[in-house]
Amino acid sequence: MHFFEGKVAVVTGSASGIGLSLARACLARGMKVVLADADAERLAWAESHMRGEGEVLSVVTQVSQRESMVHLATETSRRFGDVHFLFNNAGVTGGGRAWDTTSLDWEWVLSVNLYGVIYGIQAFLPGMLAHGAPGYVVNTASAVALLDSHPSAPYHVSKHAVLALSQNLRASLKRTSVRVSCLCPSSVRTRILESDRRRPEPLPPGSAEKKRWRNHVRLMQEQIDGGLDPDVFSEIVMKGLQQRRFLIVSEPQLKTQARQSWTQLWTDEC
Ligand SMILES: NC(=O)c1ccc[n+]([C@@H]2O[C@H](COP(=O)([O-])OP(=O)(O)OC[C@H]3O[C@@H](n4cnc5c(N)ncnc54)[C@H](O)[C@@H]3O)[C@@H](O)[C@H]2O)c1
């Protein structure tokens, strides 16, 4: 039986970056793909470009809203039937230090990065378990989930939470037909630093929050620009899935960095 061919994949955050690349990699392997993103314009663009590459459906989706994820599951089953691969990938970055990040930014980042994954699991997993064929839940966390600091506290917290959620899910699903993987990429060349465009309320121009956000972008831009091509990362992911890896990273040296970071915790001063 083919691992990918003929299967159905749902990819959130697939109008750009890693999600777009994952969707393409799924199509290239003969899968039917559902593209889900909050950015209606870019989603339509992505769908129109992929139509020639295979069977594709796009559904405008807010991953941070449970009803929207339920709607995505309904539309998916209406068009393609059972789901085999669920990529909970949509994500944003925002905020900065824990104490001067606004409550709105904390809520926004956690609602997309963490609740988006929770709602994805709730909307799709019961159906995936019920049909009984091999299924895969693939949650995008980040390398920062394995490391001890990041300029954005909400982002850092959300990604640790996605890793913990994936570990928990994997343990609960051990005796079922569904496997769980967690993606922990380091820097990948995407539009993640343009997350601002998805913020529920724009930051007031000239505000302290806006200045802090600009600093954040300045800090991170060089890293993102020098990051991996998303197509290279998505190939690593597809290979990792076929090898049944739980943790899928973009660079092998992350293992050493993560080990150092955790070992240091036992001796670090407060
Ligand atoms: N780029 C990196 O260096 C990097 C590193 C580690 C982890 N990640 C993670 O990879 C994932 C994909 O990000 P990317 O780097 O491809 O960024 P990206 O901005 O290029 O793509 C993210 C997509 O998510 C969509 N999105 C944002 N909020 C949404 C919402 N509420 N509902 C539905 N869709 C929404 C955006 O419209 C966008 O199309 C994220 O979870 C991100 O945290 C990225």
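In my numbering, the protein residues as written are -12 to 257.
The beta carbon of each residue, even a glycine, is placed where N, CA and C say it ideally should be.
Nearest residue (CA-CA) to residue i, options the options
i	options	result
residue 118	126, 69 and 238	69
residue 206	95, 12, 83 and 37	83
residue 95	-9, 141, 234 and 33	141
residue 116	-5, 165 and 242	165
residue 29	20, 16 and 46	46
residue 97	-8, 112 and 81	81
residue 64	79, 90, 85 and 20	20
residue 56	-11, 110, 194 and 184	110
residue 112	100, 167 and 131	167
residue 180	-7, 3, -8 and -9	3
residue 149	138, 133 and 161	133
residue 49	26, 129, 197 and 114	26
residue 186	-8, 92 and 54	92
residue 101	126, 87 and 219	126
residue 163	31, 22 and 121	121
residue 128	254, 235, 85 and 245	235
residue 11	51, 239 and 217	217
residue 211	233, 172 and 224	172
Neighbour-count burial assignment, residue i, 16 or more Cβ in a 10 Å radius
i	result
residue 24	buried
residue 146	buried
residue 219	exposed
residue -6	buried
residue 246	exposed
residue 13	buried
Rounded distance between the beta-carbons of residue j and residue i, thought under 8 Å
i	j	result
residue 237	residue 215	5 Å
residue 75	residue -1	6 Å
residue 123	residue 71	7 Å
Query raised in the report: Where are the beta strand (DSSP E) runs, 3 residues long or more, that stay fully inside the stretch 64 to 123, in chain order?
Result: 72 to 75
**Report entry** Three-pair Cβ contact test at 8 Å for the stretch 52 to 67 versus the stretch 29 to 39
**Finding:** no
Report task. Pick out the complete beta strand (DSSP E) segments inside the stretch 161 to 248, 3 residues or longer, and give them in chain order. Result -> 165 to 171 and 234 to 236
Report task. Ignoring anything shorter than 3 residues or poking outside the stretch 26 to 60, list the beta strand (DSSP E) runs there in chain order. Result -> 43 to 47
Query - Cβ contact check for the stretch 184 to 203 and the stretch 144 to 163: 3 or more pairs under 8 Å - result: no
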